[in-house]
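All residue numbers for the sequence shown refer to the UniProt record's numbering, where the first residue is 1 and numbers rise by one.
C-beta: ideal position from N, C-alpha, C; glycine also.
I have placed the structure first, in the form of structure tokens, so that the comments after it can refer back to it.
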Amino acid sequence: MAEARPGPAAGAQLNGLPDHSPLLQPSLAELRRRAGEAGARPARRPLSDAFLLRFLRARDFDLDLAWQLLKNYYKWREECPEVSADLHPRSILGLLKAGYVGVLRARDPTGSKVLIYRIAHWDPKVFTAYDVFRVSLITSELIVQEVETQRNGIKAIFDLEGWQFSHAFQITPSVAKKIAAALTDSFPLKVRGIHLINEPIIFHAVFSMIKPFLTEKIKERYSLTIAGHLLLNAERHKNKYFYFGLYSGPKKRIQQ
Numbered sequence: 001m002a003e004a005r006p007g008p009a010a011g012a013q014l015n016g017l018p019d020h021s022p023l024l025q026p027s028l029a030e031l032r033r034r035a036g037e038a039g040a041r042p043a044r045r046p047l048s049d050a051f052l053l054r055f056l057r058a059r060d061f062d063l064d065l066a067w068q069l070l071k072n073y074y075k076w077r078e079e080c081p082e083v084s085a086d087l088h089p090r091s092i093l094g095l096l097k098a099g100y101v102g103v104l105r106a107r108d109p110t111g112s113k114v115l116i117y118r119i120a121h122w123d124p125k126v127f128t129a130y131d132v133f134r135v136s137l138i139t140s141e142l143i144v145q146e147v148e149t150q151r152n153g154i155k156a157i158f159d160l161e162g163w164q165f166s167h168a169f170q171i172t173p174s175v176a177k178k179i180a181a182a183l184t185d186s187f188p189l190k191v192r193g194i195h196l197i198n199e200p201i202i203f204h205a206v207f208s209m210i211k212p213f214l215t216e217k218i219k220e221r222y223s224l225t226i227a228g229h230l231l232l233n234a235e236r237h238k239n240k241y242f243y244f245g246l247y248s249g250p251k252k253r254i255q256q
């Protein structure tokens, strides 16, 4: 039987193993057993090894935390049908064509995938906050299939240039709570950093609604920019201009 809490060193070792390694089977079997006993097996989502490994890697093979994350994953989808009912790319084609979201072709120095969200490309008269949220969720479902992303997580850059009151009115307390839940403990991705650039004063009111629902770990990984410079913790982010430099560079670095 797999250890419920293998410790940081053992967790890191398991994280580095390929999907087919027999050493992963005890953890997979235990997580599948817990899910099966709880009935957490919707017909559309079989509990394959590849699927369960996302949750184990997201919590460094801590079985208790991985199991809690898996339960939260299903619970969030049940409680947010506005987003989860239609997770097909065709449902967000308009926002994709508008260039709202992009993924950097290169990973950052720590191996994290870097996502770009550009508020100026979100027309709130055409797309709701739930439409925008659905883009993020579908993108996450696609990139979490990559083993390297499962291991090293993501960093997100939100370019808030063009943020207006019409955007703010879309972010109700209910929406804010659902956003925070997805960021913290309802999706099997390690969120390594959230960077806001071109942040207007009027955005502070919206972030103040989201912040109380975030974990302390996520709050520590949040940073903003003033006058075009990322204000990052130098110890955590040794390449402090990496994200800004890539984002402002040639468009070929970004996958739409």
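- Residue environment for H88: exposed (fewer than 16 other C-beta atoms within 10 angstroms of its C-beta).
- 7 Å or more divides the Cβ of S208 from the Cβ of G153.
- Around P200, the same chain offers L160 and W163 as residues with beta carbons nearer than 7 Å, after the five sequence neighbours per side are excluded.
- Counting along the chain, K155 sits inside the beta strand (DSSP E) bounded by residues I154 to D159.
- When the alpha-carbon of F51 is set against those of Q150, C80 and Q13, the nearest one is in Q150.
- In this structure, Y73 and S186 form a Cβ contact; the two beta carbons are roughly 6 Å apart against a cut-off of 8 Å.
- Per DSSP, reduced to three states, the secondary structure at R107 is coil, with no helix or strand assignment.
- Annotation: the continuous alpha helix (DSSP H) that includes Y130 extends over A129 to I143.
- In this model, S91 and P18 are separated by some 33 Å (Cα to Cα).
- For V126, no alpha helix (DSSP H) segment is defined, and its DSSP state is neither H nor E.
- DSSP places K190 in the coil class of the three-state scheme, outside both helix and strand.
- Shown here, L196 sits in a strand according to DSSP, grouped into three states.
- Rounded to whole angstroms, the gap between the alpha carbons of G94 and L63 is 39 Å.
- The Cβ atoms of I116 and G102 sit closer than 7 Å to each other.
- Cα atoms of A168 and F127: separation of roughly 13 Å, rounded to the nearest angstrom.
- For the set D49, G39 and A38, the Cα lying nearest the Cα of P22 is the one of D49.
- Closest option to F203, judged by alpha-carbon separation, among I179, F213, A38 and I171: I171.
- Contact annotation, I143 with V114: C-beta distance approximately 10 Å; criterion of less than 8 Å not satisfied.
- If you look at L93, you'll find it in the alpha helix (DSSP H) that goes L93 to A98.
- F133 places its beta carbon 7 Å or farther from that of K177.
- Under a 10 Å Cβ-count criterion, H195 is classified as buried, with 16 or more other Cβ atoms of the shown protein chains found around its own Cβ.
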